[in-house]
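Counted from 1, the sequence shown has number 88 at position 88 by our numbering; the numbering is strictly sequential. A short write-up of the structure that comes next.
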Amino acid sequence: MSKESISKIYMVLEKIEYIENIVDNAGSITNALDDEITMRPAILMHLTAIAEQFNKLKQENATQILDSFNSDELKGLYDVRTYIAHDYEGVNLAIIEWIIRNGLPIFKEKCLVIIQ
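Pasting the structure below:
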């Protein structure tokens, strides 16, 4: 694994932690997503950045890292990124909540294993 590839995993972890901090400060995922001015846009931007890091890993053929993740989950994450970028106002917040609650902990755990 190259240092560049590992740095992308560190970036993913950083973005996940930012989302966790936003949710903690709001008191709940729902409260954070209800804040249309600050918290929701920040969460959506961090999710977009996470997807971009995985896309860069794919472009680099970083298969040793990418094989640690479920390909359907990676595709879903990138699809959400595309949806955020092209239909920002139409983003399904229930899906975003599910990703924060269920998806990000899995990604975080796998990223932590990779960097150890």
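C-beta atoms are modelled at their ideal positions from N, C-alpha and C, and glycine is treated no differently.
| Item | Value |
| --- | --- |
| Reduced DSSP category for Glu-60 - H, G, I as helix; E, B as strand; rest coil | coil |
| Candidates Phe-54, Trp-98 and Met-39, of which the one nearest Thr-7 by Cα | In the sequence as displayed, the identity of residue 7 is Ser instead of Thr. Among Phe-54, Trp-98 and Met-39, the Cα nearest to that of Ser-7 belongs to Phe-54. |
| Exposed unless 16 or more other CB atoms sit within 10 angstroms - verdict on Gly-27 | exposed |
| As assigned by DSSP and simplified to three states, the class of Gly-27 | coil |
| Short Cβ contact (7 angstroms threshold) for His-46 with Ile-9 | no |
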